[in-house]
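S.K.:
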Amino acid sequence: MSTDHLSPWAKNIAPSPTLAVDAKAKALKAAGEDVCGFGAGEPDFDTPQFIKDACAKALADGKTKYAAAPGLPELRQALAEQYYQHGVIAEANPAQVVVSPGGKYSCYLAILATCGPGDEVLIPAPYWVSYPEMVKLAGAIPKIVFAGD
């Protein structure tokens, strides 16, 4: 398949090792192998019933619109209070809390917000395989640091 239509930025990003590992695990399972998949982070159990019930209630209650970009205000307030109680932040201020769809995405946003072309970003090993590519997406240069270096 031709990549002529892709930007130089997109051509610089390596294929996802996570998806490759996940595909290999699924192929081995399909072939009857006993595999413990550590690729995509998909749990090996169904969504708990109380979560399904909460989702159904939210739909029935009309909670079907976009939330505020930094997260639901009541969730941000609760998190701010919890972080304050545990000494993570100096005051329970929800304006200093942003809710994202996951830790990896939060790391990516932090990298985009703080790194630019040519910056060198230290990544301690071991690390999640996505981190170097996230750094490259910001135009920065990933530098892997091993213990003892």
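With our numbering, you'll find the sequence shown wraps up at 150, consecutive numbering, no jumps.
Beta carbons are placed, not taken as given, at the ideal position from N, Cα and C, and that holds for glycine.
Between the beta-carbon of Gly-38 and the beta-carbon of Thr-19, is there less than 8 Å?
M.R.: no
S.K.: Per DSSP, Ala-121 forms a beta bridge with which residues?
M.R.: Looking at the sequence provided, one finds Glu at residue 121 rather than Ala. Paired residues: Ile-142.
S.K.: May I ask which residues mark the beginning and end of the alpha helix (DSSP H) holding Tyr-109?
M.R.: 104-115
S.K.: Comparing C-alpha positions only, which one of Glu-75, Leu-138, Asp-23 sits nearest to Pro-100?
M.R.: The sequence shown places Val at residue 100, rather than the Pro named in the question. Closest by C-alpha distance to Val-100, out of Glu-75, Leu-138, Asp-23, is Glu-75.
S.K.: Can you say whether Ile-112 is buried or exposed, counting buried as having 16 or more other CB atoms within 10 angstroms of its CB?
M.R.: buried
S.K.: If Ala-126 and Val-146 are in contact, beta carbons under 8 Å, what's the gap, nearest whole angstrom?
M.R.: 7 Å
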